[in-house]
Amino acid sequence: MALEADPVPLFGITVAGGDAGAVIVVSGEIDLASASYLGDAVTTAIDDGQAPVIVDVAAVTFMDSTGLGVLVSAHNRLAKEGRQLRLRSPSVKVVRVVKVSGLDRLLHIEASPAEADATPPA
């Protein structure tokens, strides 16, 4: 009997929703192979009316333009509805990709959950 390999072995995602919005915790690599999973999770949170939608990327080790595209699409959709996408606890690598792309001027970045508690809603 052959075992099937995990289609995206370097990626993990969990989603929690509540009165304070949706928190999508992502780990590993966000790239062409995994971005659709993130996109599905974000779309579900948006469709469910969650506000804000928080993507916790503290455990993300790599993100390419495909992952950035998912975040920009989610930001744009939420902004049209007066809601916000927040990028939580990005690593130095993720911050570098976001800054190099110029998206640090578009995306709301919070350093940690404690910072989120101290930041008034936009």
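In this text, residue positions in the sequence shown follow the numbering used here: the first is -11, and each later residue adds one.
C-beta atoms are modelled at their ideal positions from N, C-alpha and C, and glycine is treated no differently.
Computed from a predicted structure; not experimentally measured.
Going by other Cβ atoms of all chains shown within 10 Å of its Cβ, with 16 needed for buried, is residue i buried or exposed?
{"i": "Glu69", "result": "exposed"}
{"i": "Val88", "result": "exposed"}
{"i": "Ala8", "result": "exposed"}
{"i": "Arg84", "result": "exposed"}
{"i": "Ala33", "result": "buried"}
For residue i, which residues of its own chain have a beta-carbon under 6 Å away from its beta-carbon, when the five flanking residues on both sides are left out?
{"i": "Lys81", "result": "none"}
{"i": "Thr2", "result": "Val13"}
{"i": "Val86", "result": "Asp92"}
{"i": "Asp52", "result": "Asp19"}
{"i": "Leu73", "result": "Val41, Ala62, His63 and Leu66"}
Suppose the cutoff is 7 Å on Cβ atoms and the five residues either side in sequence are ignored; what does the same chain contact list for residue i look like?
{"i": "Val11", "result": "Ala4, Ile42 and Asp44"}
Terminal residues of the continuous alpha helix (DSSP H) containing residue i?
{"i": "Gly55", "result": "Ser53 to Lys68"}
{"i": "Arg74", "result": "Not the alpha helix (DSSP H): Arg74 falls in the beta strand (DSSP E), residues Leu73 to Arg76."}
{"i": "Arg93", "result": "Here Arg93 belongs to no alpha helix (DSSP H), and DSSP marks it neither H nor E."}
Rounded to the nearest angstrom, what separates residue i and residue j at their Cα positions?
{"i": "Ala21", "j": "Pro78", "result": "20 Å"}
{"i": "Ala99", "j": "Ala67", "result": "21 Å"}
{"i": "Asp19", "j": "Ile97", "result": "20 Å"}
{"i": "Leu(-2)", "j": "Gly55", "result": "14 Å"}
{"i": "Gln38", "j": "Leu26", "result": "16 Å"}
{"i": "Phe50", "j": "Val60", "result": "17 Å"}
{"i": "Leu75", "j": "Gly6", "result": "17 Å"}
{"i": "Gly0", "j": "Ala47", "result": "9 Å"}
{"i": "His63", "j": "Val30", "result": "10 Å"}
Exercise for the section: Note down, one range per segment and in chain order, each beta strand (DSSP E) of at least 3 residues found wholly within the segment -6 to 31. Expected result: -1 to 6 and 9 to 18
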